[in-house]
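Enquirer: Take a look at this one; I'll ask things after.
Residue numbers (the numbering used here), protein chains in the order written: chain A, 809 to 1527; chain B, 809 to 1527.
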């Protein structure tokens, strides 16, 4: 929350007003965190179960040329070294002060931070927990600490964090030593980074920087993502986030990373109600609906994963920097079982195992043994047992084929080099040839093998070829390597004049003004007006009557459909007036539904990501099957088209069951217009057009409604 | 194919007639394969790339007290031992002959088998490939070999197989040494068993028996499954099958194993077109549609997996012999990240992470540290770092809760015993307590840990608690442990009198005779008859006319709907007669579709599993969304109900969107009746009732059609 507020204008809305803005010194650069000239641990301890002990030990062990100062109110000696009661005292004694790790209990936090700032700290890493994540008292303490830091231009990580690491500068300030590497890890969870770091190390990878962001009082995930764009040591970014705080800034920062050639992988639990419950108690996170996070990932061009293993696998593959143009995979194996299993698994992740063309088949026949199957899966049929180089010749021939975007090698390969036989050397040579072919063609080769630890498998890994023990992992990785460029970002428009009246006819007028087509209609206030309206040539029968001004008009019996003539319409009008005394009634031409497809277009404001748009086919599709698709709003017509065609029921739009296809251009334009209206009206919590009727000749809104943001509730994005 | 024929009556239908049935000696028992008194390898070789070398070496290395005889036409010495030109010559020289492994080229196979039989072989394992899987010549050779073996009562495994293993008798006759254990592996693929054996060994498991079934000319997968029911060394059965040959016998054998407490796990690729292509070229397998295999697994109560890793994970969990009553899982962690990820992953496999009741929460509060989250996921919130026994107390309290069917422990646990600290001993003790609690409550505990190789994790594994590195694997396993008893088997009825006439009215009469309700109708042959029919009180307007005798009546414009009165009906009749000259016309009351749900009920004959029944909601549900469900036919009404409620669109039947629920009993009864008719009519390749109209008051067939088995094509099951 606080970060969002700062982004808005550097004032803390609900805390005491920060009145030091003018005389405030320049803020220290974020980079100061990662290569401090000295480290102080405040709240250092001899008790090995305490963070003040663990981090003091880490600081001492990894200090290199950096002086380390230990501070503890009571002790005079800790870990066999002198310690000081305060940092100011240490400074007076000549100690250097730059980065300060604060591990004191929450009751002593304000004093400790004041002491650190006074002693000249440039950066603070606050481990102390029990702050804004626990309630109002904690929020006050956290804001006071932030005020002190801000006033001094000090950068603050945390509180409620577990430290930070920069393996490039040998800074190791968390509970475990992290392996060095290219991946910067930004995380709201402590044990997840241990899990991930171990998995990365298993894959020959490691950590460039790690920051445990904690409550993000000052330094946010977004700030750190921005800093990674120019950090040469970072080649990819791994995020564990329960709350990205400022969703649109997050998307922009992620896009900047992706544009800089640094892939971003996000692990964000919250698909299930229980995970949301867990995250809420864990960090007090305000979690967005999971499909909104998915939409943000699409907008940002980043990969979302569901667990640390997927994350590590994907990082390994993405760092190899080879992508698939589309989803066509050639499978190569020696033994049909692995080939068939691979083909099934590829299909389960949406990839194809297409039959190869005649030219590729001829090329394979020329280099493989007699009896090999050269369609796809390609099966050496025992030839590998006599000549492991056949694998390499097969891979090279497949990579050369125009219709192949990637090669999946699966099964026994790797087994010839586990011992020493006459096949060991040929298999090692085959691995080198496969590595060279992957480099030469710049197409992904991914390997599943029974022997992932074999010498030939290590040759493959060194050639940036992902090697997996399990076929499902290999296929998951391939699926993520298909190039899917993020759509051009659509900026959120400036707020329009707020809609004062959210009655049906006002909402309809707003949308119609934005170019959304409605059926011909008139709003009437008395019977004579109704009669005149019914006489107009544009109003053809049958008609529909709807009461105006009631939010739930259908629940209240405020909608009468299918009135065949003027008499029926007048009777229905009088009945509505008698029953509901509406301020007005809308009389509308009733659209013929046959030949058309009904849809829903709904817009909401997510607390983190702002306006989002949802489309779904009408009726049972959206309600019973949950077949809906979501994007950040506004969407362009192209974006809307992508959304519509991603629906499971999309074949209905394209003309399934012998129907004519609907006018997808008109429908996409309607969705884009509705999303733009919603984005320009932050005062609306919801804006829904339901149903939309899509026909071969156009798209019409048949009804619309809006729900204003409840007073006192601000459900809008703050950017 | 051959096995199926033998099951029918021991005659080879398309080969030369076996005229030795009467003087044929008793067949050797299958068990003779697994503990032979001696081994002979025919086609033994000094060339290390040949099977004759590999299996000769295995035989010599694992022989124990078993004499081993090597036979080669040309050589007089092999692998440093004397060898014989024929087995008869070896026998004459005093060699024992019992199990004979045949590795000769296919051209020499008949002679080699004749020699082996003459020398007194009881069992043959035929490695030789290039037989029925390659075409007509191979089929002939295979049948000749089978004839020779059968005539002598000799049991034959293969051909085109890679050997067999019984670790209980130290018989190791395949390309790799397999680790001993409790799982019998029956496989049509050679490299898959290597893959699986390595994975089982990683999990502390191993192989009881392994048989590579090859072309199943004599001994089939089903025969071997039957033999496992009483084999004491087999506690579970793992199958890799591209073709189960006799589907119904397979289901019966699998049920017998499951009833004997021996879980069965099936890896059967074929979900994708490419996998089917691969299997066809691999073993010439005739593959069933994958959803039919799924239906067979449900009928048999066995588990289907998609890859060897899933198979090994599941076998490890199933052997622990603890099951979940339903899908409610308690998650225990120390650090919210792992808890949230676990909850999401459980949801993705259909399991729940329910909020715990007050009594369970109180129990947890009593044994866990202050600050722990006791809803679910349960988060020790750092308490584990001070007191690893808190994990064990938490697991025990959760297992005691009535609303918890299983516990998933996830995250750091295991890390305290990787080094030696003051927490090592408590963590080891915690593992022992967790093992005891799982045993005491007889509920599954499954563990995901960053440290699967730690000493405390080994204690868990020894207590039959599955330990996983990856959370998705742990959750997959839990999902498979939910008790789902197989439905009572419905026997396939004896064939009824074949339907000679598959015209519309004949099919309708057949179904109506079986109790399937249709709308009132009359078949008329001339205009006067139509007029009389329209005058009958049972025939109310609007009516439908359908031509009789044309298979694709709707394509040909042979159906006219919604005729409001007699004049319209007569006009339509004359038009039909003029256009199509049908033998007759059916006049039917047109059912009112509103308030009802349309469905499809279709029956097919699978080449391996015989009659199957498919249900789906009508229109877009089945066609666009593929929302259908399949079972082996016939199904009981209960089985039909299960099938109907498994549809994604099932909420429509239960009354979604404010509609009254349909009469599910009547609908299920209709499905059961259609399935019984299909099962009793093997002469019908297809039988379809489409649409079925389900309403709150009943279920009616609105149309029906049947397709006879094409002459010369036998698409029926042979049992």
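Don't be surprised by glycine CBs; every beta carbon is placed ideally from N, CA and C.
1) So who's on the other strand from residue 1111 of chain B, going by DSSP bridges?
2) Contact criterion: CB-CB distance below 7 Å. Does residue 1080 of chain B meet it with respect to chain A?
3) If you count every other CB in all the chains shown that lies within 10 Å of the CB of residue 985 of chain A, and 16 or more means buried, which is it?
4) Quick one: give me the first and last residue of the alpha helix (DSSP H) that residue 952 of chain A is part of.
5) From residue 829 of chain A to residue 906 of chain A, what distance separates their C-alpha atoms?
6) By the criterion of Cβ-Cβ separation under 9 Å, what are the contact partners of residue 1117 of chain B in chain A?
7) Is it buried or exposed, residue 1071 of chain B, if we count other Cβ atoms within 10 angstroms and call 16 or more buried?
8) Any Cβ of chain B within less than 7 Å of the Cβ of residue 1459 of chain A?
9) What's the gap between the Cα of residue 876 of chain A and the Cα of residue 846 of chain A?
10) How long is the line joining the alpha carbons of residue 1252 of chain B and residue 1247 of chain A, rounded to whole angstroms?
11) Using a threshold of 7 Å, state whether the C-beta atoms of residue 1366 of chain B and residue 1496 of chain B are closer than that.
12) Look at the alpha carbon of residue 1508 of chain B and the alpha carbon of residue 1501 of chain B, and state the distance between them as a whole number of angstroms.
13) Ends of the beta strand (DSSP E) at residue 1118 of chain B?
14) For chain A, is any of its Cβ atoms less than 7 Å away from the one on residue 1226 of chain B?
15) Buried or exposed: which applies to residue 1276 of chain B, given that a residue is buried once 16 or more other Cβ atoms fall within 10 Å of its Cβ?
16) Can you check the stretch 1300-1341 of chain A for any beta strand (DSSP E) of at least 3 residues that lies completely inside it and give the ranges in chain order?
17) Among the candidates B:968, B:849 and B:865, whose CA atom is the shortest distance from the CA of residue 923 of chain B?
18) Looking at chain A, is there any beta carbon in it that lies within less than 7 Å of the beta carbon of residue 770 of chain B?
19) With H, G and I counted as helix, E and B as strand and the rest as coil, what does DSSP make of residue 1453 of chain A?
20) Count Cβ pairs between the stretch 1295-1310 of chain B and the stretch 1459-1467 of chain B that sit closer than 8 Å; are there 3 or more?
21) Figure out for me which residue from B:1199, B:927 and B:1449 has the closest Cα to the Cα of residue 1141 of chain B.
22) Mind pulling the chain B residues with CB within less than 8 Å of residue 1114 of chain A?
23) Closer than 7 Å, CB to CB, is residue 1544 of chain A near chain B or not?
24) Report buried or exposed for residue 1291 of chain A, applying the criterion of at least 16 other Cβ atoms within 10 angstroms of its Cβ.
25) Secondary structure at residue 1398 of chain B, three-state DSSP: helix, strand or coil?
26) If the criterion is Cβ atoms closer than 7 Å, does the pair residue 1124 of chain B and residue 1274 of chain B meet it?
27) Against chain A, does residue 1464 of chain B count as a neighbour if the rule is that its beta carbon must be under 7 Å from one of theirs?
28) So, for residue 1426 of chain A: in the same chain, excluding its five sequence neighbours on each side, which residues have a beta-carbon less than 6 Å away from its beta-carbon?
29) Where residue 834 of chain B and residue 959 of chain B are concerned, what is the direct C-alpha to C-alpha distance, given to the nearest angstrom?
30) Enumerate, from N- to C-terminal direction, the unbroken alpha helix (DSSP H) stretches of 4 or more residues contained entirely within the stretch 1383-1449 of chain A.
31) Is there at least one Cβ from chain B nearer than 7 Å to residue 1083 of chain A's Cβ?
32) Below 7 Å on C-beta distance, what does residue 1432 of chain A contact in chain B?
33) Using a Cβ-Cβ cut-off of less than 7 Å, give me the residues of the stretch 1003-1022 of chain A that come near chain B, in sequence order.
34) Evaluate the contact criterion for the stretch 1167-1183 of chain B versus the stretch 1200-1213 of chain B: three or more CB pairs, one atom per stretch, below 8 Å.
35) Given residue 842 of chain A, which residues of its chain have a CB within under 7 Å of its CB, disregarding the five upstream and five downstream residues?
36) Quick one: which residues of the stretch 1126-1140 of chain A get their C-beta closer than 7 Å to a C-beta of chain B? List them in chain order.
Expert: In brief:
1) B:1073, per the DSSP bridge assignment.
2) Contact with chain A is found for residue 1080 of chain B, since one of that chain's Cβ atoms lies less than 7 Å from the residue's Cβ.
3) Burial is judged here by how many other beta carbons sit within 10 angstroms of a residue's own beta carbon; residue 985 of chain A has fewer than 16 and is exposed.
4) Residue 952 of chain A: member of the alpha helix (DSSP H) spanning 944-959, first to last residue.
5) Caution is warranted here: a pLDDT of 45 is assigned to residue 829 of chain A, below 50, making its placement in the model unreliable, and no coordinate value can be reported.
6) Identification of chain A residues near residue 1117 of chain B by a Cβ-Cβ cut-off of 9 Å yields 1277, 1278, 1279, 1280 and 1281, ordered along the chain.
7) Residue 1071 of chain B comes out buried.
8) Yes - at least one Cβ of chain B is within 7 Å of the one on residue 1459 of chain A.
9) CA-CA distance, residue 876 of chain A to residue 846 of chain A, rounds to 6 Å.
10) Straight-line Cα distance between these residues: approximately 47 Å.
11) Contact annotation: residue 1366 of chain B and residue 1496 of chain B have beta-carbon atoms that are not nearer than 7 Å.
12) Going by the C-alpha atoms only, they are around 5 Å apart.
13) For residue 1118 of chain B, there is no enclosing beta strand (DSSP E); the enclosing alpha helix (DSSP H) has its first and last residue at 1116-1127.
14) Under the Cβ distance rule, residue 1226 of chain B does not count among the residues neighbouring chain A, no pair being separated by less than 7 Å.
15) Label assigned to residue 1276 of chain B: buried.
16) As for any beta strand (DSSP E) of minimum length 3 sitting wholly inside the stretch 1300-1341 of chain A, the runs are 1329-1332, ordered along the chain.
17) Considering only B:968, B:849 and B:865, the residue with the shortest C-alpha distance to residue 923 of chain B is B:849.
18) With chain B running from 809 to 1527 in the structure shown, residue 770 of chain B is simply not present.
19) Three-state DSSP puts residue 1453 of chain A in a helix.
20) With a cut-off of 8 Å, the stretch 1459-1467 of chain B and the stretch 1295-1310 of chain B do not count as touching, because too few Cβ pairs lie within range.
21) Ranking the options by Cα distance to residue 1141 of chain B, first place goes to B:1199.
22) Going along chain B in sequence order, the residues near residue 1114 of chain A (Cβ under 8 Å) are 1149, 1152, 1153, 1156 and 1280.
23) In the structure as shown, chain A begins at 809 and stops at 1527. Residue 1544 of chain A is therefore absent and cannot be evaluated.
24) So residue 1291 of chain A counts as exposed.
25) Note: residue 1398 of chain B maps to coil in three-state DSSP.
26) Cβ atoms of residue 1124 of chain B and residue 1274 of chain B: closer than 7 Å.
27) With 7 Å as the cut-off, residue 1464 of chain B counts as an interface residue toward chain A.
28) Apart from sequence neighbours up to five positions away, the residues of its chain that approach residue 1426 of chain A with a beta-carbon distance below 6 Å are 1406, 1407, 1408 and 1499, ordered along the chain.
29) Computed Cα separation, rounded: 9 Å.
30) Correct list: 1428-1431.
31) Yes, contact with chain B.
32) Within chain B, the residues near residue 1432 of chain A are 1457, 1459, 1460 and 1464.
33) Residues passing the 7 Å Cβ filter: 1003 and 1006.
34) Enough Cβ pairs lie closer than 8 Å, so yes.
35) If we look at residue 842 of chain A and ignore the five residues flanking it on each side, its Cβ neighbours are 974, 977, 979 and 1017.
36) Answer in chain order: no residues at all.
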